[in-house]
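Everything on this sheet refers to the single structure shown next.
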Amino acid sequence: MKIKSILMLAFLLPVYLMAQPLKKQKEFDLTRDRVLYTVGYSHLDTEWRWDYTASIDEYIKNTMEENFLLFEKYPDYVFNFTGSRRYKMMKEYYPAEYRKVKEYVKQGRWHVSGSSVDEGEVNISSSESLIRQVLYGNNFFREEFGEQSFDYMLPDCFGFLANVPSVWHHCGLLGFSTQKLTWRAAVEIPFNVGVWNGPDGKGIIAALNATRYNGEVENRLDQSDTFSERLTANFERSGFAFDYRYYGVGDKGGAPRETDVRHAVESLDNPDSKFQVVLSSS
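Take 57 as the starting number for the sequence shown in the working numbering and just add one per residue.
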């Protein structure tokens with residue numbers, strides 16, 4: 057089983073990386089190069105804490121405006137935001153700002169992520185519901201932005217059924233990420249990054265230990281002993297020396313803290329790096 061998962065990871069990983077919309081993406085040999093993919097993100101609880109009025113009047117607006125300021129100040133900064141429903145709110149209520157979002161998407165700096173209509177619940181949802189999330193979400197992204205997402209992003213969902221990797225695989229998705237397993241259930245996190253297979257043997261690349269979505273970047277990431285050790289452990293387990301982490305804010309949308317963005321940008325392309333840092337799409 058372990059050999060099968062490693063072979064599937066070797067097959068899926070190049071496909072996933074080629075599918076990413078990054079315009080300045082470097083090429084790495086992940087059997088040799090140590091790489092930390094770092095995902096800037098803001099979590100907005102449109103499905104739990106806030107009604108639509110609050111989301112539209114305050115949180116959606118702040119998400120656009122705060123990220124615009126960071127884009128202007130930090131040319132290497134990239135941002136990920138999920139949910140076609142939220143983009144429809146932007147389009148309807150803030151058309152001028154929405155046009156700027158579309159331009160940043162075209163530049164590869166703002167990433168339409170997660171493939172779904174919203175970051176919904178997946179424990180009691182039917183397979184048809186999950187399929188429709190991807191169908192409607194990515195159809196909107198293709199129509200509005202000329203591109204789609206290839207991952208399902210659920211940082212804050214309380215658990216995941218065994219069938220979801222099969223469902224997402226058959227929807228044409230390649231990856232999945234979450235941080236909720238760090239809350240510790242009865243079963244330990246099986247791996248940081250690897251292949252998650254469904255009941256039919258079909259799988260996706262999964263980042264199951266992506267760290268807190270509102271996590272801070274306190275210093276240069278490329279000097280982190282924690283992630284250096286994780287990269288070594290990942291390589292020993294799978295033969296691939298890469299890892300994946302979030303940083304950002306929640307639950308009100310907005311943008312990552314400027315200090316975190318500055319530290320993330322300062323982690324790029326240093327001669328004394330312990331590993332490479334990529335500011336990435338999800």
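Cβ coordinates follow ideal geometry from the N, Cα and C atoms, glycine included.
Short Cβ contact (7 Å threshold) for residue i with residue j
{"i": "residue 176", "j": "residue 103", "result": "yes"}
{"i": "residue 251", "j": "residue 213", "result": "no"}
{"i": "residue 310", "j": "residue 119", "result": "yes"}
{"i": "residue 300", "j": "residue 262", "result": "no"}
{"i": "residue 247", "j": "residue 91", "result": "no"}
{"i": "residue 98", "j": "residue 304", "result": "yes"}
{"i": "residue 141", "j": "residue 107", "result": "no"}
{"i": "residue 94", "j": "residue 333", "result": "yes"}
{"i": "residue 270", "j": "residue 306", "result": "yes"}
{"i": "residue 154", "j": "residue 112", "result": "no"}
{"i": "residue 207", "j": "residue 231", "result": "yes"}
{"i": "residue 219", "j": "residue 257", "result": "no"}
{"i": "residue 243", "j": "residue 201", "result": "no"}
Neighbourhood of residue i by C-beta, 6 Å cutoff - its chain only, sequence neighbours within 5 removed
{"i": "residue 169", "result": "136, 138, 205, 209 and 338"}
{"i": "residue 63", "result": "Any reading at residue 63 must be qualified, since the residue scores a pLDDT of 47, below 50, and its modelled position is unreliable; no value is offered."}
{"i": "residue 196", "result": "140"}
{"i": "residue 145", "result": "112 and 116"}
{"i": "residue 123", "result": "135 and 311"}
{"i": "residue 291", "result": "297"}
{"i": "residue 188", "result": "none"}
{"i": "residue 245", "result": "237, 264 and 265"}
{"i": "residue 287", "result": "90, 297, 299 and 331"}
{"i": "residue 190", "result": "171 and 227"}
Identified DSSP bridge partners for residue i
{"i": "residue 135", "result": "166"}
{"i": "residue 226", "result": "BP columns for residue 226 are empty, so no partner."}
{"i": "residue 301", "result": "94"}
{"i": "residue 127", "result": "DSSP output for residue 127 lists no bridge partner at all."}
{"i": "residue 249", "result": "263"}
{"i": "residue 231", "result": "207 and 261"}
Same chain, Cβ closer than 8 Å to residue i, neighbours up to 5 away in sequence not counted
{"i": "residue 327", "result": "none"}
{"i": "residue 133", "result": "96, 126, 127, 165, 317, 320, 321 and 335"}
{"i": "residue 157", "result": "120, 143, 146 and 166"}
{"i": "residue 217", "result": "178 and 179"}
{"i": "residue 130", "result": "317, 318 and 321"}
{"i": "residue 203", "result": "77, 161, 168 and 197"}
{"i": "residue 88", "result": "297"}
Whole-Å CB distance - residue i paired with residue j, under 8 Å assumed
{"i": "residue 323", "j": "residue 276", "result": "5 Å"}
{"i": "residue 193", "j": "residue 222", "result": "The Cβ separation is near 18 Å, so there is no contact."}
{"i": "residue 302", "j": "residue 211", "result": "6 Å"}
{"i": "residue 331", "j": "residue 278", "result": "6 Å"}
{"i": "residue 272", "j": "residue 313", "result": "7 Å"}
{"i": "residue 42", "j": "residue 308", "result": "Examination of residue 42 is not possible in this model, given that the chain is present from 57 through 338 alone."}
Sequence-distant residues of the same chain with beta carbon closer than 7 Å to residue i, five excluded per side
{"i": "residue 186", "result": "178, 220 and 223"}
{"i": "residue 86", "result": "69, 296, 297 and 298"}
Subject >> Every unbroken alpha helix (DSSP H) inside the region 187 to 214 [4 residues or more] >> reply: The DSSP assignment places no complete alpha helix (DSSP H) segment of no fewer than 4 residues inside the region 187 to 214.
Original post:
Going along the chain, which unbroken runs of the alpha helix (DSSP H) with 4 or more residues stay wholly within the region 300 to 335?
Top reply: The region 300 to 335 contains these whole alpha helix (DSSP H) runs: 314 to 322.
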